[in-house]
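So the structure is just underneath, and the comments pick up after that.
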Amino acid sequence: MPTPFDLIEREVCHIFTTIGLFSQEAVLNPGETCEVPNGDDEENTYVVLDLYEPDNKELIVGTRKHHLLLCITVFASELDFARENGTSELLQKLKEAGYYPYSDLDREPVA
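Just so we're aligned, residue 1 is where the sequence shown starts under UniProt numbering, counting upward by one.
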C-alpha cells in the first residue's frame with residue numbers, strides 16, 4: 001500500500017514528466033500557466049511558472065545564463081485569476097498569504 005509520501009512523489013513525477021515532455025516542443029517562460037491532464041474522471045492539475053532566483057543569484061552553466069522555473073500547483077480559480085489578471089498578480093497574492101513558493105493545496109485559494 002502506497003504511503004502518503006509515495007502518492008505525492010507520483011504526482012510530482014507526473015507533473016514534471018508532462019511539463020518536461022511539453023518543453024521539448026515549446027519554450028516555457030516565467031509567468032506562463034499550464035494545465036496537466038490527469039485521468040479521465042479527474043480534474044487537471046493547474047500550474048503557474050515563475051523565475052526562481054533565490055537571493056537574486058543568476059543560474060550560470062558554463063558561460064551561458066539560464067533560468068530555473070519554479071512550478072507551483074494552484075487551484076483552478078487561481079489559474080483563472082492568473083489568466084485574467086496576469087500571473088504576477090496571482091504570485092503577489094500567494095506571497096502576501098505566505099503560500100509562495102510552495103505547492104501545497106491544503107489551504108484556502110487566494111483567488
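In this text, a Cβ means the ideal position worked out from N, Cα and C, and glycines have one as well.
What residues match up with T33 in a beta bridge as DSSP calls it? V48, per the DSSP bridge assignment.
Using the beta-carbon count (16 or more within 10 Å), is I60 buried or exposed? Exposed.
Any chance the region 23-36 sits against the region 71-84, with 3 or more Cβ pairs inside 8 Å? Yes, the region 23-36 touches the region 71-84.
Would you kindly check if the distance between the Cβ of Y52 and the Cβ of L68 is under 7 Å? Yes, Cβ-Cβ distance for L68 and Y52 is below 7 Å.
I need the straight-line Cα distance from L90 to E108, nearest angstrom please. About 14 Å.
Just to check, is the beta-carbon of E58 closer than 6 Å to a non-hydrogen atom of the ligand HEM? Ligands displayed in this structure: none; no statement on the ligand HEM is therefore possible.
Buried or exposed for L94, going by 16 or more other Cβ atoms inside 10 Å? Burial is judged here by how many other beta carbons sit within 10 angstroms of a residue's own beta carbon; L94 has at least 16 and is buried.
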